[in-house]
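Trainee: Chains as they are written, first to last, in our numbering: chain A, 15 to 372; chain B, 15 to 372; chain C, 15 to 372. Handing you a structure now.
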Amino acid sequence: MRSLIDILDLTVEELDELVKTACDIIENPKKYSECCKGKKLATLFFEPSTRTRLSFEAAMLELGGSVIGFSDAKNTSASKGETIADTARVVSCYADIIAMRHPLEGAPYVASLNSEVPVINAGDGGHAHPTQTLADLVTIYREKGRFDNLTVGFCGDLKYGRPVHSLISALSRYTGIKIVLISPKELALPEYIKREVIEKNGIPYEENDNLETAIPDLDILYMTRIQEERFDDREQYERLKGCYILDPAKLENAKSDMIILHPLPRVDEITVAVDSDPRACYFKQVANGKNGRKALILKLLEEAEKNPNKCVDTRDTVSIERCPNQRCISNNERELMPKAVKNKDEEVLHCAYCETTV
Amino acid sequence: MRSLIDILDLTVEELDELVKTACDIIENPKKYSECCKGKKLATLFFEPSTRTRLSFEAAMLELGGSVIGFSDAKNTSASKGETIADTARVVSCYADIIAMRHPLEGAPYVASLNSEVPVINAGDGGHAHPTQTLADLVTIYREKGRFDNLTVGFCGDLKYGRPVHSLISALSRYTGIKIVLISPKELALPEYIKREVIEKNGIPYEENDNLETAIPDLDILYMTRIQEERFDDREQYERLKGCYILDPAKLENAKSDMIILHPLPRVDEITVAVDSDPRACYFKQVANGKNGRKALILKLLEEAEKNPNKCVDTRDTVSIERCPNQRCISNNERELMPKAVKNKDEEVLHCAYCETTV
Amino acid sequence: MRSLIDILDLTVEELDELVKTACDIIENPKKYSECCKGKKLATLFFEPSTRTRLSFEAAMLELGGSVIGFSDAKNTSASKGETIADTARVVSCYADIIAMRHPLEGAPYVASLNSEVPVINAGDGGHAHPTQTLADLVTIYREKGRFDNLTVGFCGDLKYGRPVHSLISALSRYTGIKIVLISPKELALPEYIKREVIEKNGIPYEENDNLETAIPDLDILYMTRIQEERFDDREQYERLKGCYILDPAKLENAKSDMIILHPLPRVDEITVAVDSDPRACYFKQVANGKNGRKALILKLLEEAEKNPNKCVDTRDTVSIERCPNQRCISNNERELMPKAVKNKDEEVLHCAYCETTV
Chain A
15 MRSLIDILDL
25 TVEELDELVK
35 TACDIIENPK
45 KYSECCKGKK
55 LATLFFEPST
65 RTRLSFEAAM
75 LELGGSVIGF
85 SDAKNTSASK
95 GETIADTARV
105 VSCYADIIAM
115 RHPLEGAPYV
125 ASLNSEVPVI
135 NAGDGGHAHP
145 TQTLADLVTI
155 YREKGRFDNL
165 TVGFCGDLKY
175 GRPVHSLISA
185 LSRYTGIKIV
195 LISPKELALP
205 EYIKREVIEK
215 NGIPYEENDN
225 LETAIPDLDI
235 LYMTRIQEER
245 FDDREQYERL
255 KGCYILDPAK
265 LENAKSDMII
275 LHPLPRVDEI
285 TVAVDSDPRA
295 CYFKQVANGK
305 NGRKALILKL
315 LEEAEKNPNK
325 CVDTRDTVSI
335 ERCPNQRCIS
345 NNERELMPKA
355 VKNKDEEVLH
365 CAYCETTV
Chain B
15 MRSLIDILDL
25 TVEELDELVK
35 TACDIIENPK
45 KYSECCKGKK
55 LATLFFEPST
65 RTRLSFEAAM
75 LELGGSVIGF
85 SDAKNTSASK
95 GETIADTARV
105 VSCYADIIAM
115 RHPLEGAPYV
125 ASLNSEVPVI
135 NAGDGGHAHP
145 TQTLADLVTI
155 YREKGRFDNL
165 TVGFCGDLKY
175 GRPVHSLISA
185 LSRYTGIKIV
195 LISPKELALP
205 EYIKREVIEK
215 NGIPYEENDN
225 LETAIPDLDI
235 LYMTRIQEER
245 FDDREQYERL
255 KGCYILDPAK
265 LENAKSDMII
275 LHPLPRVDEI
285 TVAVDSDPRA
295 CYFKQVANGK
305 NGRKALILKL
315 LEEAEKNPNK
325 CVDTRDTVSI
335 ERCPNQRCIS
345 NNERELMPKA
355 VKNKDEEVLH
365 CAYCETTV
Chain C
15 MRSLIDILDL
25 TVEELDELVK
35 TACDIIENPK
45 KYSECCKGKK
55 LATLFFEPST
65 RTRLSFEAAM
75 LELGGSVIGF
85 SDAKNTSASK
95 GETIADTARV
105 VSCYADIIAM
115 RHPLEGAPYV
125 ASLNSEVPVI
135 NAGDGGHAHP
145 TQTLADLVTI
155 YREKGRFDNL
165 TVGFCGDLKY
175 GRPVHSLISA
185 LSRYTGIKIV
195 LISPKELALP
205 EYIKREVIEK
215 NGIPYEENDN
225 LETAIPDLDI
235 LYMTRIQEER
245 FDDREQYERL
255 KGCYILDPAK
265 LENAKSDMII
275 LHPLPRVDEI
285 TVAVDSDPRA
295 CYFKQVANGK
305 NGRKALILKL
315 LEEAEKNPNK
325 CVDTRDTVSI
335 ERCPNQRCIS
345 NNERELMPKA
355 VKNKDEEVLH
365 CAYCETTV
């Protein structure tokens, strides 16, 4: 049995296959409308996220299955002191597959080790949100027909933007990718991602603090929101923000087949006037995300049928005193042993739960 | 494609047809039990209203469809700054029809202009709640067999009672209607409704501050709750409230085939002893409301299939600086242009979103 | 028509039949997968309880039915002053069966007298939670094959532990039962249960404040959580708590076929190391609870079809001034007459709603 915690848990081949299944579902929805008859998805949202929850629920219903769950932690046994491990075992008795959102990093991973059914990470703090990346990839494939030989611009908050980090990781496994990082210095991509992902994979990249000058080269523009509260200096924010707002004027020099992505919700970083531009693909992304989730649910249920044994951690780990990340599940759950993963070719150790460097 | 924002969006003929479909559903529920197989209703309740939400959900399930949604705004993307327009576009990717409740007036209308699927207004502040009126009309038709030649009393809070305003508007399109307004002066029907609806349609009406003297003439008695907090003077409230409580004694002089309606929930304005009177129809109204909603869902889905184009505002509008109603969506949503509707035969302008006179 | 408010509403024969149906469902789930097609369960949770709610919902879905409801009182008409009686009548229009959780004792009983469909008590304050007991009984029958000739230990908080009181009542109707009560004095079983249930039924029992010395005789060990806040004296709590924590060491002297039950969620009263012991049955209890609920839903729907008349209270009652229990529904709902049940052979009167001695 297998769960999906991070997009890189999937090989390139598996990911390509998922994307192709999603495309087939989009073309032939009726073919799949009874595939999950009698199956139940549990949406365990310990933190609200309506969009992601509704996407999973719509996906399962369109496959002919049904849904149980909760949308908010305060109504759960967690408030009575139950561990994630116990919750996962209990919910395994009620559902065939689990989608879990949790504010603590690593929580879905702990659930996957204790659940009798597959677990999909629907977002765990700043750690991972693999089905968002799947939505991005399905959209890129549907619109561009390929994952290689693409120049991809990421604009806005590249420091905290989890979808950005994750899509960079996913794309770095293909050939001919070029990356353009467009952000104010305050919100630049973290050094460890440049080093461990981009440079390690030999991806050419450039940094640019101006969307307008960067846009003409791009095949894909991935927009994200700049949050005022990230800035110490409010004046700095006011001076900068306009540079990172996409409007029809800035699109004038863009390629005619460039595609604009955004993980949504947007606030004002893309003006409404852009919505009617044929290059705007962010609402298509929403539908593609739902169909990517369908492909994933199908795949994990199929694998669980073939091999119903629980997930086990087969990685080479070492005990550590504690993970330095306060928001790691290992610092918040009883009877969970802190440990780190030891890669063969690296000296760096990562927490086995939240992947923070220890 | 069409949405339902206000009961008057429907012509008299369309409304009659809806009521007849509802009656047919009541008589032959099995005939309709698979009509919406594979269809999804999204219940977007930005404000809690359990009764209305459960009614919509039961309706969709009894048509063989399924339901996604939320019951409370705090768990939504709106809290992250997403506009109603964007929420509507996103949810269009997940559902085939939307029922939206929102505290801001005009919000479901904005949703309907942006959604790719039909939107039903499930209550927007003090503005409209057309499916409550549909429940009232189905009950009147089931119990009295007609919409004309009826003397209808409205009792209680006629000032703030949205169901009262809406039912008066709907009935004013039929012939032979007489209206009796029974309320303390503090809670009298607003002048503009008397003028623009009752008088304009030439409906005879009288005002009465005593339920007991008014009751003998009535074919229909529509009760509503008087809320203590509406009164500046608490003593005044205490002195008055008994006059507007319906009990078996006050029913003694009522016609034997009068029917008693109430939008529910009731507090103490109808005593429990009345429940067993055969004239009490307020619990029947609940079931009729569910079946009216089924008829409406069927009709809107059918129209959407024939014409899948988005709703557009084809009314003659003019730009205004701002709507005077603080609770209007146009004062609360980014990038929404304030505008007013210009009727040919009137000098009065109404906000294009919330219908407030501007 | 019949509802289930207390486990003792069922005769021993009916309970045995329910348990056997549950076992058949476990063995042949497919046989039951369409039994409730077109039927709806309403889960009315006026107080959050995710585990119980999800269990009911999974049960109904696995029977081919569907679910509506709410998980939290604050979003309901109750907050607008609606009575339980009215809520029950309204929800009867939307669903075929109701599972109600309520913080006020007796609330599901009042609902059952007003509903047009069967009501299952899903927990009403400290009063009753019959489907938890059903989960316990299904597990005992599946694991031990009988309900008689069993030595049953109850450990932990026996004072406030509703599942303990209820299981003792249920087991006291079988022969050859021995009970061992294992708790600190502060949390001993209430005298009235010893007197009115255990002694009245001639059940041999012993009290013991040490789990380790009590364990060797037991066929069943029912663990519960000791809550620190129950103790006036914190030091006392710290000194005692270790004695009531089940770990592999304490299990060494237990019978090899003893079974360990726990109503869950657990905090630390059973260590994780016990989970892999084949005697640990608390996660099996979760699945058994779901299947017990399926058997119950089937039975009540079947009875309602045969006899659709409302529940009526046929007991011999007398009016009382008020119930001494502040948390009794009769002290919190308008127009509800306080009354007590008069048993033939007893002088003690019990509140007709919450069963408190008056």
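Ideal Cβ positions, reconstructed from N, Cα and C, are used throughout, including at glycine. The model shown is predicted, which means the values in this text are computed figures rather than measured ones.
Could you tell me which of B:Y108, B:A125, B:D110, B:K269 sits nearest to H116 of chain B, measuring between CA atoms?
Mentor: For the residues B:Y108, B:A125, B:D110, B:K269, the minimum Cα distance to H116 of chain B belongs to B:A125.
Trainee: Return yes when the C-beta of G140 of chain B is under 7 Å from any heavy atom of the ligand MN, and no when it is not.
Mentor: As presented, the structure is devoid of all ligands, the ligand MN included, so that no description of it is given.
Trainee: Alpha carbon to alpha carbon, how far is L68 of chain A from G303 of chain A?
Mentor: Roughly 11 Å separates the two Cα atoms.
Trainee: What does S290 of chain C touch in chain A if you count any residue whose Cβ is under 9 Å from its own?
Mentor: Residues of chain A passing the Cβ test: none, with the nearest at roughly 12 Å.
Trainee: What are the start and end residues of the beta strand (DSSP E) that includes I259 of chain C?
Mentor: Careful: I259 of chain C lies outside any beta strand (DSSP E) and carries neither H nor E.
Trainee: As a quick exercise: from C:G140, C:A72, C:S63, pick the residue whose alpha carbon is nearest that of I9 of chain C.
Mentor: As displayed, chain C neither begins before 15 nor continues past 372, which places residue 9 of chain C out of reach and without an answer.
Trainee: Taking one C-beta from the stretch 95-111 of chain A and one from the stretch 26-36 of chain A each time, how about it: are there three or more such pairs within less than 8 Å?
Mentor: At 8 Å Cβ cutoff, the stretches do not touch.
Trainee: Starting from N222 of chain A, follow its DSSP beta bridges and name the residues at the other end.
Mentor: BP columns for N222 of chain A point to A:I196.
Trainee: Going along the chain, which residues of the stretch 346-366 of chain B sit with their C-beta nearer than 8 Å to a C-beta in chain C?
Mentor: Listed by position, the residues of the stretch 346-366 of chain B near chain C (Cβ gap below 8 Å) amount to none.
Trainee: Could you list the residues in the stretch 237-252 of chain B with a C-beta less than 7 Å from some C-beta on chain C, going in chain order?
Mentor: Listed in sequence order: no entries.
Trainee: Could you give the first and the last residue of the continuous beta strand (DSSP E) run that contains I234 of chain A?
Mentor: Element bounds for I234 of chain A: 234-237.
Trainee: Which residue comes first and which comes last in the alpha helix (DSSP H) that contains M74 of chain C?
Mentor: Looking at the DSSP string, the run of the alpha helix (DSSP H) that includes M74 of chain C is 64-76.
Trainee: Cutting at 8 Å between CB atoms, please list the residues of its own chain near E283 of chain C, excluding the five before and the five after it.
Mentor: Around E283 of chain C: G170, M237, T238, R239, I240, Y258, I259, L260, H276.
Trainee: Does any residue of chain C bring its CB to less than 8 Å from the CB of E96 of chain A?
Mentor: Answer yes: the Cβ-Cβ gap between E96 of chain A and chain C drops below 8 Å somewhere.
Trainee: Closer than 6 Å by C-beta to T165 of chain A: which residues in its own chain qualify, once you throw out the five before and the five after it? Chain order, please.
Mentor: Cβ within range, chain order: K192, D231, L232, D233.
Trainee: Would you report the Cα separation of A294 of chain B and E157 of chain B, rounded to the nearest angstrom?
Mentor: Between A294 of chain B and E157 of chain B, the C-alpha separation is close to 11 Å.
Trainee: Does the pairing of the stretch 240-257 of chain B with the stretch 197-208 of chain B give three or more beta-carbon distances under 8 Å?
Mentor: The stretch 240-257 of chain B vs the stretch 197-208 of chain B: in contact.
Trainee: Helix or strand or just coil, what does DSSP make of I40 of chain B?
Mentor: Residue state, collapsed to three classes: helix.
Trainee: Return the bridge partner residues of L275 of chain C from the DSSP annotation.
Mentor: According to DSSP, which records beta bridges pairwise, L275 of chain C is partnered with C:Y236.
Trainee: I'd like to know if E41 of chain C contacts chain E, where contact means its C-beta is closer than 8 Å to some C-beta of that chain.
Mentor: No chain E is present in this structure, whose protein chains are A, B and C.
Trainee: Against G52 of chain C, what residues of chain B qualify as contacts under a CB-to-CB distance less than 7 Å, listed in chain order?
Mentor: Correct list: S47.
Trainee: Hey, I21 of chain B and T189 of chain B: beta-carbon distance below 8 Å or not?
Mentor: No.
Trainee: I'd like to know if R280 of chain B contacts chain C, where contact means its C-beta is closer than 8 Å to some C-beta of that chain.
Mentor: Output row for R280 of chain B: interface = yes.
Trainee: What does A149 of chain B reach in chain C if we use C-beta pairs closer than 7 Å?
Mentor: Here the premise fails: no neighbours, minimum Cβ distance about 11 Å.
Trainee: Listed in chain order, which residues of the stretch 100-120 of chain B have Cβ atoms closer than 9 Å to some Cβ of chain A?
Mentor: Going along the stretch 100-120 of chain B in chain order, one finds D100, T101, R103, V104, V105, S106, C107, Y108, A109 with a Cβ nearer than 9 Å to chain A.
Trainee: Quick one, are the C-beta atoms of V355 of chain C and T370 of chain C less than 8 Å apart?
Mentor: Taking 8 Å as the Cβ cut-off, V355 of chain C and T370 of chain C do not qualify as a contacting pair.
Trainee: Answer with yes or no whether the minimum CB distance from F297 of chain C to chain A is below 8 Å.
Mentor: Taking Cβ atoms only, chain A reaches closer than 8 Å to F297 of chain C, which makes this a yes.
Trainee: In this structure, what does DSSP give as the bridge partners for C49 of chain C?
Mentor: Paired residue(s): none; C49 of chain C is not in a bridge.
Trainee: Looking at the secondary structure, which residues open and close the beta strand (DSSP E) in which G3 of chain C lies?
Mentor: One cannot answer for residue 3 of chain C here, as it falls past the ends of chain C, which runs 15 to 372.
Trainee: Anyone know if the C-beta pair for S47 of chain A and I134 of chain A falls short of 8 Å?
Mentor: The answer is no: Cβ separation not under 8 Å.
Trainee: If we define contact as Cβ-Cβ less than 8 Å, is S80 of chain C a contact residue for chain B?
Mentor: It does; some Cβ of chain B falls within 8 Å.
Trainee: For C368 of chain A, which residues in the same chain have their Cβ closer than 6 Å to its Cβ, ignoring the five residues on either side in sequence?
Mentor: Within the same chain, C368 of chain A has close Cβ partners E119, G120, H141, N339, C342.
Trainee: Counting only beta-carbon separations shorter than 8 Å, does K313 of chain C have a partner in chain A?
Mentor: So, not an interface residue.
Trainee: In whole angstroms, what separates the C-alpha of A263 of chain A from that of R348 of chain B?
Mentor: Each residue's alpha carbon lies about 20 Å from the other.
Trainee: Give a yes or no on whether the minimum CB-CB distance between L75 of chain C and chain A is below 8 Å.
Mentor: Taking Cβ atoms only, chain A reaches closer than 8 Å to L75 of chain C, which makes this a yes.
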